[in-house]
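Numbering (UniProt numbering), first residue to last: 1 to 358.
The C-beta atom is built at its ideal place from N, Cα and C for all residues, glycine as well.
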Amino acid sequence: MSLSFTLSPISRRRLSVFRHNRRAWVSLWIFMALFCVSLAAELIANDKPIVMRYDGQWYVPLLVDYPETEFGGFLPTGTDYHDPFIIEQVEENGWALWPPIPFSYQTLDMQMRRPSPAPPDARHWLGTDDQGRDVLARVIYGFRLSVFFALVLTGGSLVLGVVIGGVQGYFGGKTDLVGQRLIEIWSGLPVLFLLIILASLVQPNLWWLLGIMLLFSWLGLVDVVRAEFLRARNLEYVRAAKALGLPSHLIMWRHVLPNAMVATLTFIPFLFTGAITTLTALDFLGFGLPPGSPSLGELVAQGKNNLQAPWLGITAFVSLSVMLSLLVFIGEGLRDAFDPRHIQASSSVATRTPTHAN
Numbered sequence: 001m002s003l004s005f006t007l008s009p010i011s012r013r014r015l016s017v018f019r020h021n022r023r024a025w026v027s028l029w030i031f032m033a034l035f036c037v038s039l040a041a042e043l044i045a046n047d048k049p050i051v052m053r054y055d056g057q058w059y060v061p062l063l064v065d066y067p068e069t070e071f072g073g074f075l076p077t078g079t080d081y082h083d084p085f086i087i088e089q090v091e092e093n094g095w096a097l098w099p100p101i102p103f104s105y106q107t108l109d110m111q112m113r114r115p116s117p118a119p120p121d122a123r124h125w126l127g128t129d130d131q132g133r134d135v136l137a138r139v140i141y142g143f144r145l146s147v148f149f150a151l152v153l154t155g156g157s158l159v160l161g162v163v164i165g166g167v168q169g170y171f172g173g174k175t176d177l178v179g180q181r182l183i184e185i186w187s188g189l190p191v192l193f194l195l196i197i198l199a200s201l202v203q204p205n206l207w208w209l210l211g212i213m214l215l216f217s218w219l220g221l222v223d224v225v226r227a228e229f230l231r232a233r234n235l236e237y238v239r240a241a242k243a244l245g246l247p248s249h250l251i252m253w254r255h256v257l258p259n260a261m262v263a264t265l266t267f268i269p270f271l272f273t274g275a276i277t278t279l280t281a282l283d284f285l286g287f288g289l290p291p292g293s294p295s296l297g298e299l300v301a302q303g304k305n306n307l308q309a310p311w312l313g314i315t316a317f318v319s320l321s322v323m324l325s326l327l328v329f330i331g332e333g334l335r336d337a338f339d340p341r342h343i344q345a346s347s348s349v350a351t352r353t354p355t356h357a358n
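Shown next as structure tokens:
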């Protein structure tokens, strides 16, 4: 069964409007392609071979951490596959299939002939940073980490914003009044300063930053959801459901929330971009992810601290600008797709288009 038969008529019109926005449609495919590439980061950029054949046996270093003694070494520690001795042993007794970029985001290239940061060459396509790490590998891993962070934060913000805004808008009265006053106080706090203070009190990590930012990221969504629930609670079908004795939580879930989600979904890409820019700003200031993490904000800081290495700043700028531009274009397409005026225009054009019988 094709997609057109599984969607409702209004959903098909929205999809048609989004697809006719060529910039948004192309941006969606480009972003999905980049994200899929970043999901396979370990197969693209890694300091371990994907698979090896040594002394007639198969090895998968990508999945298993083999000791050095397996390949003729003397220490029972993890194997450094960039060690010239290990490379010579593997070449003499078998072969190894390496990823296109033989460096991970935290690999220090000990075989460099130029001081770090080194400019781009055949070994490091985008050069290295001031610690000798491959910039392209850090961009790939950093892109995946930023998107994952933004996805989780946007999902959590969506849940909190819809629940709090829906309760305020549906019940109104004192519930709405008290909720608005508390939100005004909470939104008046200097968010960035609080994030810096809290991040400086504990050792930051990905989940800790998510928890801190989730305390504030839902505020921008509450007003949109609250307004939609305030409008919908007085509609006739909602009053009829109340008169039939349907519980409030079922009315909110079945009848009011679907209408409120129309305005909410158009807000999601901008929450997404806000999460990425906030994480980048914190990493740039040194209050974000732990040192060594594949961070685009840390790459921006390196570009600022190493003006003699312009490839660092240029790479950080291009990476962030492409990512955020694609998300903004997708958001504009969603906004147009859920705009009733665009849907009506699409419907009127489809109505005026003559059909021809076969």
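If I measure Cβ to Cβ from D176 and keep anything under 6 Å in the same chain, skipping five residues before and after, which residues do I get? Working through the sequence shown from its first residue, we reach residue 176 at position 176. Cβ within range, chain order: Q168.
What does the Cβ neighbour count give for E92, buried or exposed, with the cut at 16 atoms within 10 Å? Sequence index remark: in the sequence shown, residue 92 carries index 92 (1-based). Exposed: under 16 other Cβ atoms inside 10 Å.
How many angstroms separate the CA atom of L327 from the CA atom of L28? As a working note, residue 327 is residue 327 in the sequence shown. As a working note, residue 28 is residue 28 in the sequence shown. Roughly 8 Å between the two C-alpha positions.
Run of the beta strand (DSSP E) containing W95, from where it starts to where it stops: Numbered from 1 along the sequence shown, position 95 holds the residue referred to as residue 95. Here the beta strand (DSSP E) through W95 covers 94-97.
CB-CB length for L210 against V152, believed under 8 Å: Counted from its first residue, the sequence shown places residue 210 at position 210. Counted from its first residue, the sequence shown places residue 152 at position 152. About 6 Å separates the two Cβ atoms, so the contact holds.
Using the C-alpha atoms, what's the distance from L158 back to residue 364? An answer regarding residue 364 cannot be provided, because it is not within the stretch 1 to 358 covered by the chain.
Span of the alpha helix (DSSP H) holding L208? Reading the sequence shown from its first residue, position 208 is the one you call residue 208. Here residue 208 turns out to be Trp, not Leu, going by the sequence shown. That run of the alpha helix (DSSP H) goes 206-217.
Helix, strand or coil for T353, going by three-state DSSP, please let me know. The residue given as residue 353 occupies position 353 in the sequence shown. Bear in mind that the predicted position of T353 carries a pLDDT of just 46, short of 50, making it unreliable; the figure below should be weighed with that in mind. In this structure, T353 counts as coil in the three-state DSSP scheme.
Spatial neighbours of I268 within its chain, please: C-beta separation below 8 Å, excluding the five flanking residues on both sides. What you label residue 268 is simply residue 268 of the sequence shown in a count that begins at 1. Excluding positions up to five away in sequence, the list reads T154, L158, G331, L334.
Where do the N-terminal and C-terminal ends of the alpha helix (DSSP H) with Y170 fall, by residue? Counting from one through the sequence shown, the residue named residue 170 turns up at place 170. Run containing Y170: 135-171, per the alpha helix (DSSP H) assignment.
So what's W253 in DSSP terms, helix, strand or just coil? Numbered from its first residue, the sequence shown carries residue 253 at position 253. Residue state, collapsed to three classes: helix.
Use the C-beta contact count for P61: other C-beta atoms within 10 angstroms, 16 or more gives buried, fewer gives exposed. Taking the first residue of the sequence shown as position 1, residue 61 is located at position 61. That one is buried.
Compute the Euclidean distance between the alpha carbons of W125 and I212, then round it to the nearest angstrom. The residue you call residue 125 lines up with position 125 of the sequence shown. The residue you call residue 212 lines up with position 212 of the sequence shown. Rounded to whole angstroms, W125 to I212 spans 36 Å at the Cα level.
How is the beta strand (DSSP E) around W58 delimited, first residue to last? Looking up residue 58 in the sequence shown gives position 58. Unbroken beta strand (DSSP E) run through W58: 57-59.
Are there three or more Cβ pairs, one per stretch, closer than 8 Å when the region 192-208 is compared with the region 133-140? no
Contacts around Q131, its chain only, beta-carbon distance under 7 Å, and the 5 residues preceding and following it disregarded: Taking the first residue of the sequence shown as position 1, residue 131 is located at position 131. Closer than 7 Å at Cβ, skipping near neighbours: L108, S116.
Taking DSSP as the reference, what is the three-state secondary structure of R53? Locating residue 53 in the sequence shown gives position 53, counting from the first residue. Judged by DSSP in its simplified three-state form, R53 adopts strand.
May I ask you to check if the CB of I212 is nearer than 7 Å to at least one heavy atom of the ligand SAH? Ligands in the displayed structure: none, and consequently the ligand SAH is not present.
For S321, the nearest candidate out of P99, F338, L296, A337 (CA to CA): By 1-based counting over the sequence shown, the position of residue 321 is 321. Measuring from the Cα of S321, the nearest candidate turns out to be L296.
Have a look at S16, S38, V26 and flag the residue whose alpha-carbon is nearest the alpha-carbon of P294. For this step, residue 294 is matched to residue 294 along the sequence shown. The shortest Cα separation from P294 among S16, S38, V26 belongs to S38.
Count the other CB atoms within 10 Å of the CB of M110; is the residue buried (16 or more) or exposed (fewer)? Along the sequence shown, one-based indexing puts residue 110 at 110. Its Cβ having fewer than 16 others within 10 Å, M110 is exposed.
Put G127 into one of helix, strand or coil per three-state DSSP. The residue given as residue 127 occupies position 127 in the sequence shown. It is coil, neither helix nor strand.
Hey, out of P49, F272, A260, whose CA is closest to I164's CA? Indexing the sequence shown from 1 puts residue 164 at position 164. Closest by alpha carbon: A260.
Please report the residue range of the alpha helix (DSSP H) in which K304 lies. As a first step, residue 304 is located in the sequence shown; it is residue number 304 there, counting from the start. Where K304 is concerned, the enclosing alpha helix (DSSP H) stretches over 296-305.
Apart from the five residues just before and just after G172, which ones in its own chain have a Cβ nearer than 8 Å to its Cβ? Here residue 172 refers to the residue found at position 172 when the sequence shown is read from its first residue. The residues are L230, R233.
Contact check, P204 vs L324, beta carbons under 8 Å: Counting from one through the sequence shown, the residue named residue 204 turns up at place 204. Counting from one through the sequence shown, the residue named residue 324 turns up at place 324. No, the Cβ-Cβ distance between P204 and L324 is not below 8 Å.
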